[in-house]
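Since the structure comes first, as structure tokens, the remarks are kept for the end.
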Amino acid sequence: MTVTYRLFAALIAGILLVSGCGTATESPTSQPPIASDIISTTPNIDTVRGFQSTRQQRQVSPPVGISIPAIDIDGPLTHTGLNPDRTLEVPDFGDISWFNGGAKPGESGPAAILGHVDSHIAPDVFYRLNELNPGDDVTITTESGETLRFVVTRVEQHSKDEFPTEAVYLPSTTPELRLITCGGDFDQRERSYRDNIIAFASLAE
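As structure tokens, this is what we get:
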């Protein structure tokens, strides 16, 4: 495992602790956690991107839209990265977001797409992520107008204490997606869900 891979995994793991995990519909007094509370230091973003620059990449423009017909998703795809103070940026409630510190959808490697499962008001964008099945389509639209069709290969649920870091973040030679939110039981004391829901998808031939 390379140093840059570990840095990339650590950076995304920090985001996942809050992506889709802020509040539960049954907990109206809860408030979303603050991203900067998740990790004490943030790796340099240029270093995080370093592991990608050693291989030839397909040229794709940034993603701007996402469609997942099986769970009635069709809308814009926002971008998240780092705040000016180097703390982690997380999606707004109601947004599905691509983390721009990793691969773009269509490039070799796993592109991380994040969304909340719910809030203290209502279900959110990835509330039905766990309903996806192998073979379901995920279509990404890029800034240049290109459409990229990915196919779900599996959906997994893992305790945050046993997050499958290598399966999710290990660099690959093919374009892949990781659609990630939270699930499982809601911890009232920690104000977050105990598990992550992860949908894996690969670019269609």
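Going letter by letter, the sequence shown gives residues -24 to -1, 1 to 181 in mature numbering (1 follows the signal peptide of the UniProt record, and there is no 0). Glycine residues also receive a C-beta, built at the ideal position from the N, C-alpha and C atoms. All figures in this text were calculated on a predicted structure; none of them were measured in a lab.
Strand pairing of G41, partner residues [DSSP]: Here residue 41 is taken as the residue at index 65 of the sequence shown, counted from 1. In DSSP, G41 forms a bridge with P52 and T117.
Cβ pair count under 8 Å reaching 3, the segment 137 to 156 against the segment 101 to 117: yes
Among D161, I89, L108 and N172, nearest to V127 - alpha-carbon criterion: If you number the sequence shown from 1, residue 127 lands on position 151. Of D161, I89, L108 and N172, the residue nearest in Cα terms is L108.
Spatial distance of G41 from I47 (CA atoms): The residue you call residue 41 lines up with position 65 of the sequence shown. The residue you call residue 47 lines up with position 71 of the sequence shown. When rounded, the distance between both Cα atoms is 15 Å.
DSSP state of A177 mapped onto helix, strand, coil: By 1-based counting over the sequence shown, the position of residue 177 is 201. DSSP places A177 in strand when its eight states are reduced to three.
Per DSSP, the bridge partner or partners of Y169: On the sequence shown, position 193 is the one that residue 169 refers to. The partner list for Y169 (beta bridge, DSSP) reads F162.
First through last residue of the beta strand (DSSP E) which encompasses T150: Here the question's residue 150 lines up with position 174 in the sequence shown. Note, T150: premise wrong, no beta strand (DSSP E); not H, not E.
Closest Cα partner of A79 within the set D137, P110, T150 and P67: As a working note, residue 79 is residue 103 in the sequence shown. Considering only alpha carbons, the answer is T150.
Enclosing beta strand (DSSP E) for V36 [first to last residue]: To locate residue 36, count along the sequence shown from 1; it is residue 60. Looking at the DSSP string, V36 is not in any beta strand (DSSP E), and its letter there is neither H nor E.
Cβ shell of V144 (< 7 Å), same chain only, five flanking positions each side left out: Sequence index remark: in the sequence shown, residue 144 carries index 168 (1-based). Same-chain partners within the cutoff: P86, R154 and I174.
Identity of the residue in D61, S73 and G111 nearest P39 by Cα: The count along the sequence shown starts at 1 and reaches residue 39 at position 63. Nearest C-alpha to P39: S73.
Which of helix, strand or coil DSSP assigns to E122: As a position in the sequence shown, residue 122 is number 146, starting the count at 1. Three-state result, E122: coil.
Bridge partner(s) assigned by DSSP for D94: Here residue 94 corresponds to residue number 118 of the sequence shown, with the count starting at 1. DSSP lists P99 as partners of D94.
Assigned exposure category for T56 - 16 Cβ within 10 Å defines buried: As a first step, residue 56 must be located in the sequence shown, where it is residue number 80. Under this definition T56 is a buried residue.
Assigned secondary structure, E83 (DSSP; H/G/I helix, E/B strand, else coil): Position 107 of the sequence shown, counted from the start, is the residue given in the question as residue 83. Strand at E83.
Option in L179, D61, G160 and S37 with minimal Cα separation from T115: In the sequence shown, counting from the first residue as 1, residue 115 sits at position 139. Cα-wise, what sits closest to T115 is L179.
Rounded C-alpha distance that separates P67 from T54: Here the question's residue 67 lines up with position 91 in the sequence shown. Here the question's residue 54 lines up with position 78 in the sequence shown. Distance between the alpha carbons of P67 and T54 is about 8 Å.
Local conformation of L105 per DSSP, three classes: Locating residue 105 in the sequence shown gives position 129, where the first residue counts as 1. Note: L105 maps to helix in three-state DSSP.
Supposed close pair K136, N172 - CB separation, criterion 8 Å: As a first step, residue 136 is located in the sequence shown; it is residue number 160 there, counting from the start. As a first step, residue 172 is located in the sequence shown; it is residue number 196 there, counting from the start. Rounded, the Cβ-Cβ distance is 6 Å, consistent with contact.
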